[in-house]
Ligand SMILES: *Cc1c(COP(=O)(O)O)cnc(C)c1O
């Protein structure tokens, strides 16, 4: 088979439903800013997660993590325990909240934060532990919450990969302290760009609802009833982080497709990969319960120092690959590698993500599997 078109690593799966939703906002509503569609999206996320917690939508997942942390109102330079192996957005959001990321090792079986390593890094300034649900895996989240309780830490979950994932019979976001989602162009659902914070903490909620609108107090309630605040007070640093009606409309259309269409397809593709690649000696696959997670990416470990060779081979065969992620402790802003995290660095040299999105056809997936097998033959 000759594959002429490049197979994308990930992409937005959008079409008539999203276009129609945008059309309705533009033609029928005419107001593109933050209004009733955002309120409706928040309500629908709440129903989807089956939670009593409140949802606050913002314009990116990065903004969600930033405000989730800012809402805790911690002393500046408080320390946040976080795995180094995450998207730079996580670290930038911590810095934006004027807190200090403390880079931790990961458990190589799940690529989630190594709790023993994190515990060793706790100081008097440590106030938060921030788990990243890497590749939709949450690790031992119960143990993480027990550790947080023991040291009186707040928990802010970077659940950008885990919208739709189930843990202990509950959806991620329906329980926990402060949980942050991303709806950027390639996540399990997209709103174009966007994110959401889920929490039950009234102080955090009040802070972030204002902070997404430049800190203008109680502007959210006004906007949801079609008004604006002209006479107001500001008590906290705020940002221009609110979501627009247009983006919420896309998100609503996507949410309708998540359970019936996106999650089953992601699961089935991930299971196919797993079954087809598990016997290849040069690869190590991550174990997952594919009936519980909503797989966002499909990283594998390439053994024997052959990651870059496999990557090159796949690119030459029009198959796009990813490396999730460059560890943050290697970046200049976070120490430039002056501290060694051996497990993280070893994993980084092995990780390769192969295409996973609901638009991937069986034919494309078979082609990818064939090429990986032929590389190792
Ligand atoms: C996507 C992502 C983010 C940031 O979300 P944006 O919506 O792109 O700002 C944060 N953390 C992780 C792990 C992500 O994958």
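Residue numbers (the numbering used here): 100 to 476.
We put the beta carbon where it would ideally sit given N, CA and C, even for glycine.
Quantities reported herein were computed from a predicted structural model and do not represent experimental measurements.
Return helix, strand or coil for residue i, following the three-state DSSP convention.
| i | result |
| --- | --- |
| residue 400 | strand |
| residue 444 | helix |
| residue 253 | strand |
| residue 164 | helix |
| residue 341 | strand |
| residue 491 | In the structure displayed, the chain extends from 100 to 476; residue 491 sits before or after that span and is not available. |
| residue 102 | Note that residue 102 scores a pLDDT of 49, beneath 50, so its modelled location is shaky; the value from the coordinates is reported in the next line. Here residue 102 sits in coil by DSSP. |
| residue 462 | helix |
| residue 153 | strand |
| residue 260 | coil |
| residue 412 | helix |
| residue 457 | coil |
| residue 108 | coil |
| residue 434 | coil |
| residue 170 | coil |
| residue 468 | helix |
| residue 439 | coil |
| residue 427 | helix |
| residue 389 | coil |
| residue 188 | helix |
| residue 406 | helix |
Would you list the residues sitting across from residue i in a DSSP beta bridge?
| i | result |
| --- | --- |
| residue 200 | 179 |
| residue 452 | 398, 421 |
| residue 205 | 212 |
| residue 266 | 269 |
| residue 383 | 400 |
Shortest alpha-carbon distance to residue i belongs to which of the options?
| i | options | result |
| --- | --- | --- |
| residue 122 | 345, 428, 400, 468 | 345 |
| residue 472 | 221, 133, 409 | 409 |
| residue 141 | 164, 450, 290, 445 | 290 |
| residue 267 | 260, 295, 336, 238 | 238 |
| residue 118 | 352, 412, 466 | 352 |
| residue 240 | 226, 223, 258, 225 | 258 |
| residue 183 | 455, 430, 475, 451 | 430 |
| residue 109 | 476, 474, 470, 464 | 464 |
| residue 248 | 232, 225, 269 | 225 |
| residue 426 | 376, 191, 244, 287 | 191 |
| residue 243 | 234, 223, 216, 222 | 216 |
| residue 251 | 179, 474, 161 | 179 |
| residue 278 | 168, 440, 412 | 168 |
| residue 441 | 165, 155, 206 | 206 |
| residue 424 | 333, 336, 187 | 187 |
| residue 229 | 261, 193, 223 | 193 |
| residue 138 | 148, 388, 197, 154 | 154 |
| residue 163 | 317, 297, 181, 130 | 297 |
- prompt: Considering only residues of the stretch 275-358, which uninterrupted alpha helix (DSSP H) runs meet the minimum length of 4 residues and lie entirely inside it, listed in chain order?
  reply: The stretch 275-358 contains these whole alpha helix (DSSP H) runs: 301-310, 318-323, 344-356.
- request: Scan the stretch 208-253 and note each continuous alpha helix (DSSP H) run of 4 residues or more that stays entirely inside, going in chain order.
  value: Qualifying alpha helix (DSSP H) stretches, in chain order: 214-219, 240-249.
- prompt: Where in the stretch 116-148 do unbroken runs of the alpha helix (DSSP H), each at least 4 residues long, occur, reported from the N-terminal end onward?
  reply: The stretch 116-148 contains these whole alpha helix (DSSP H) runs: 135-148.
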